[in-house]
Structure formats: structure tokens, C-alpha cells
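Enquirer: Taking the numbering used here, the leading residue of the sequence shown gets 1, the next gets one more, and so forth. Ideal Cβ placement from N, Cα and C applies to all residues, glycine included. Once you've had a glance at the structure underneath, I'll fire off some questions.
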Amino acid sequence: MHQYRESYKLHFVLDANSPLKAADTGYLQFFPPDTNYRLDARFTATPRAKEFDMPTYSGQMKKYRQYGLLTFTVNDTVCTLQVYQSLALMKKRGLKDYLFIPFADQTNYITTYAGGRYIELRTGDIKNDSVILDFNKCYNPYCAYADGYSCPVPPDANKLPVAIPAGEMQFGKKTD
Numbered sequence: 001m002h003q004y005r006e007s008y009k010l011h012f013v014l015d016a017n018s019p020l021k022a023a024d025t026g027y028l029q030f031f032p033p034d035t036n037y038r039l040d041a042r043f044t045a046t047p048r049a050k051e052f053d054m055p056t057y058s059g060q061m062k063k064y065r066q067y068g069l070l071t072f073t074v075n076d077t078v079c080t081l082q083v084y085q086s087l088a089l090m091k092k093r094g095l096k097d098y099l100f101i102p103f104a105d106q107t108n109y110i111t112t113y114a115g116g117r118y119i120e121l122r123t124g125d126i127k128n129d130s131v132i133l134d135f136n137k138c139y140n141p142y143c144a145y146a147d148g149y150s151c152p153v154p155p156d157a158n159k160l161p162v163a164i165p166a167g168e169m170q171f172g173k174k175t176d
């Protein structure tokens, strides 16, 4: 997990659109890795799902389509998350298999960013209608660090009734 988090921090330094400078990456905070939040999830494809506009915190809309559903259990609570594909990213080389899961949980506003967090998967991660859903790899959208970004709002269907104390926490530096 340490290597994954260092790579995550490096992404901010290398991304020309990053809201953070290298010195700011020291303010990124994470829950300790916890295997209890690395879950086996059952995948159900939704091939007939229609495209739709997903709202963003900037007020813009982004085109997505539901790719499938993940069903898993957290602390004896059965949960479901919708998995999406960005229609824009599907047209970009190397990102056709990119899957996106914006979600909210009971840690928002307390220990994690109020606007929810994200997890990424690739279609190849799904094997025999199953996927490892590792909340230790969930991260904050750029909107957690600065204004001016169009971060998708987690849909109501992806608001979990449980706390997920795993992955990225609130940014440790006060933003303007």
C-alpha cells in the first residue's frame, strides 16, 4: 500500500492540471491500510443502461453510462455501488476500459471529504463476475483541494449506509 500511495502523491506533481504542488502532497492524509476494507464484490453487468448526464460540483454535466453494479458486505451490511464509464474517456487511447465509482459514506464531513470519494477499476479487474473492491485505494476528487474543477457528484444510489474508514482522508491543509 505504501508504494501505491507514493505513486498517488507523485501523480499530483506530474499532472499539469493538478491542484497541488509537490510541497502540498505532505498534507495528504490516509487511514491506516485495513484488509477489512479490501472486499470481494459480486459484479452484475448492466449492458442495456442508457447514457446520462452526471452532475458535477461546478454545475457542469458529464456523460456517463452505468457499466454494472457491485454488491458486497461491509460489517454485516449488504451494500451496492453503481459502476460507471465516462463516454469521453471511452474515446481516449488507453482509457476505454476505465471504470469509475464515485461514492459517499458515513465518514463524509467527519474524517473524509464532504463531497465523497472515488475508486477506479478497469474492466480487466472483473473476473468471473467478481472483483476486489479495495477501499484502501479510494481517493478525493480534485475539488477537495481547490475550486475550478468539475468533479462528479456521487449519485444518491452510491451513498453507502456505512462508514468506510479506509483510503484518503480530509486534506490536512486549509484551502482558500
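Cα separation between D76 and P161?
Expert: Cα-Cα distance, rounded: 12 Å.
Enquirer: Verify whether the separation of the beta carbon atoms of R117 and G167 is less than 8 Å.
Expert: Contact flag set, yes.
Enquirer: What would DSSP say about A104, mapped onto helix, strand or coil?
Expert: Strand at A104.
Enquirer: DSSP beta-bridge partners for D134?
Expert: The partner list for D134 (beta bridge, DSSP) reads R38.
Enquirer: Quick check: Y84 and L99, are their CB atoms within less than 8 Å of each other?
Expert: In this structure, L99 lies closer than 8 Å to Y84 by Cβ.
Enquirer: Do P154 and P102 have their C-beta atoms within less than 8 Å of each other?
Expert: It is a contact, given that the beta carbons lie within the stated cut-off.
Enquirer: Rounded to whole angstroms, how far is the Cβ of F31 from the Cβ of P165, which I believe are closer than 8 Å?
Expert: Sure, about 5 Å apart at Cβ, within 8 Å.
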